[in-house]
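Chemist: Going by full-length UniProt numbering, the sequence shown opens with residue 1, and the numbers climb by one from there. From the three backbone atoms N, C-alpha and C, an ideal C-beta is built for every residue, glycine too.
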Amino acid sequence: MEQTTGILSDLIAFPTVSADSNLEMIAYLANRLEDCGARVDVMFDASGQKANLFATLGPETDGGIVLSGHSDVVPVTDQDWTSDPFAMVERDGRLYGRGTCDMKGFIAATLAMAPEFAAQISRRPIHFAFTYDEEVGCIGAGHLVQALRERELKPRLALIGEPTSMRVVEGHKGCHEYSTRFQGLEGHGSDPGRGVNAVEYAARYVNRLLDLRGDLQQRTPPDSRFDPPWTTLNIGALNGGSAHNVIASKAQVDWEMRPVQPSDADHVKDTMARYCRDTLLPAMQAIYPEASIETEVVGEVAGLTPTSQNEARELMADLLGSNAAELVPFGTEAGLFQALGLDVVVCGPGSIAQAHKADEYLSLDQLSDCLRMLERLGDQLAN
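1. Taking 6 Å as the limit between beta carbons, can you name the residues of its chain near residue 41, skipping five residues before and five after?
2. In or out: residue 210 buried (at least 16 other Cβ within 10 Å) or exposed?
3. Is residue 237 near residue 197, with beta carbons less than 9 Å apart?
4. Would you say residue 347 and residue 304 are within 9 Å of each other, going by their C-beta atoms?
5. Quick one: Cα of residue 284 to Cα of residue 184, how far?
6. Quick check: what's the CA-CA separation for residue 363 versus residue 219?
7. Is it true that the stretch 55-68 meets the stretch 123-136, where meeting means three or more beta-carbon pairs spaced less than 8 Å apart?
8. State the Cα-Cα distance for the pair residue 268 and residue 298, rounded to the nearest angstrom.
9. Once DSSP output is grouped into helix, strand and coil, what is the label at residue 267?
10. Measure from the alpha carbon of residue 250 to the alpha carbon of each residue in 293, 167, 37 and 261, then state which is nearest.
11. Got a sec, what are the start and stop residues for the alpha helix (DSSP H) residue 185 sits in?
12. Decide if residue 373 is buried, meaning its Cβ has at least 16 other Cβ atoms within 10 Å, or exposed.
13. Could you tell me how far apart the beta carbons of residue 72 and residue 10 are, in whole angstroms, since I believe they sit closer than 8 Å?
14. With 16 other CB atoms within 10 Å as the buried threshold, where does residue 1 fall?
15. The ligand GTP heavy atoms versus the CB of residue 372: any closer than 8 Å?
16. State buried or exposed for residue 235, treating a residue as buried only when at least 16 other CB atoms are found within 10 Å of its CB.
17. With a threshold of 9 Å between beta-carbons, can residue 10 be considered close to chain B, or not?
18. Alpha carbons only, please: which of 165, 216, 20 and 225 is nearest the one belonging to residue 327?
In structure tokens:
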């Protein structure tokens, strides 16, 4: 535990907010894994400022186990922290700091156990997959999975260590994130008819999205185990305009949906595309022919689909002594690994209720439970 909390303190000190580079943290992870004999591959993104890490202990064979976590954290801007979010503090059996539960605690535990794994592994490799930009669309994991596909490397199982209070999760919704941008025509607020107010059209777009919530509830699959059981829509931000008396020429809507089934995502995208094409754009371009509406796909991450046969679920049931497996409404990188052909579960220390908030924390009890689970995994790897 002491070694794990020391590593976690080091990881928290890297301010790996998604908007910034994660290279210093990746170098730290690579050095620690190389020190215990792992074969380490650092995969840079196109900018050279972000990287995934994929490392292996054990034989060069298929059928390995992947321990996966993301290196990035959400911003602390405008949050009221009682201590420095990037300097871990222990109080009352809790470790406070940005990323303690989401999800550097799990990463720290795997690093602390890596030397033990190195000594125990015999026939089955164990892989460490640490990614970038999970919080903004699982971008790094998408690139990592593609790299593994091209290399024809075929691990068998994956454990995604997101905070689940150490409960096994076998399914979650997808996560689709978009930014829709409106280009209008600026003008004086005293004569709104002479301009194209991008904020007004963005507001109409938001209202149409909100109308779809009722449709999505009616489309709920009869056997859905999710909570809530239907596909959800959320408006994250609406930005635009410059002053009270100026017709806004630009606006942007950031929004997301969490599909329980692919057809729901298609329904939302098709409906909104028709609404823009048939209603909003004709009205905008009647005044200003160069007006436009463009939607950027930030990320479309597949959900984790529960399956009747799941070796990862069976392994975790053995390690934790529990056959229970749950579904959750939040998204992870698990669906990307499942699409690669792996059996996948999500299980990690900490509660999702603490993630993304001021004074984010991970309890020492949860971290201890995670270490015990990983110790049992090491014992299995020795057989």
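Modeler: Result, derived from the coordinates:
1. Along the sequence shown, one-based indexing puts residue 41 at 41. Cβ within range, chain order: 54.
2. What you label residue 210 is simply residue 210 of the sequence shown in a count that begins at 1. When all chains shown are included, residue 210 counts as exposed.
3. The residue given as residue 237 occupies position 237 in the sequence shown. The residue given as residue 197 occupies position 197 in the sequence shown. The beta carbons of residue 237 and residue 197 sit no closer together than 9 Å.
4. Stepping through the sequence shown from its first residue, residue 347 is reached at position 347. Stepping through the sequence shown from its first residue, residue 304 is reached at position 304. Not in contact: residue 347 and residue 304 (Cβ atoms no closer than 9 Å).
5. On the sequence shown, residue 284 is found 284 positions in, with the first residue counted as 1. On the sequence shown, residue 184 is found 184 positions in, with the first residue counted as 1. Whole-angstrom Cα-Cα distance: 7 Å.
6. What you label residue 363 is simply residue 363 of the sequence shown in a count that begins at 1. What you label residue 219 is simply residue 219 of the sequence shown in a count that begins at 1. Straight-line Cα distance between these residues: approximately 39 Å.
7. yes
8. Numbered from its first residue, the sequence shown carries residue 268 at position 268. Numbered from its first residue, the sequence shown carries residue 298 at position 298. Each residue's alpha carbon lies about 16 Å from the other.
9. Locating residue 267 in the sequence shown gives position 267, counting from the first residue. Three-state result, residue 267: helix.
10. Start at 1 with the first residue of the sequence shown, and residue 250 comes out as number 250. If we check each option's Cα against that of residue 250, 293 comes out closest.
11. For this step, residue 185 is matched to residue 185 along the sequence shown. From DSSP, residue 185 is part of no alpha helix (DSSP H); its letter is neither H nor E.
12. Along the sequence shown, one-based indexing puts residue 373 at 373. Looking at its Cβ environment, which holds 16 or more other Cβ atoms inside 10 Å, residue 373 is buried.
13. Numbered from its first residue, the sequence shown carries residue 72 at position 72. Numbered from its first residue, the sequence shown carries residue 10 at position 10. Contact flag wrong, Cβ pair sits at about 16 Å.
14. Counting from one through the sequence shown, the residue named residue 1 turns up at place 1. Under this definition residue 1 is an exposed residue.
15. Although the ligand GTP was asked about, the structure shown includes no ligands whatsoever.
16. Taking the first residue of the sequence shown as position 1, residue 235 is located at position 235. When all chains shown are included, residue 235 counts as exposed.
17. Absent here is chain B; the protein component of the structure consists of one chain.
18. The residue given as residue 327 occupies position 327 in the sequence shown. Of the listed residues, the one whose Cα sits closest to residue 327 is 225.
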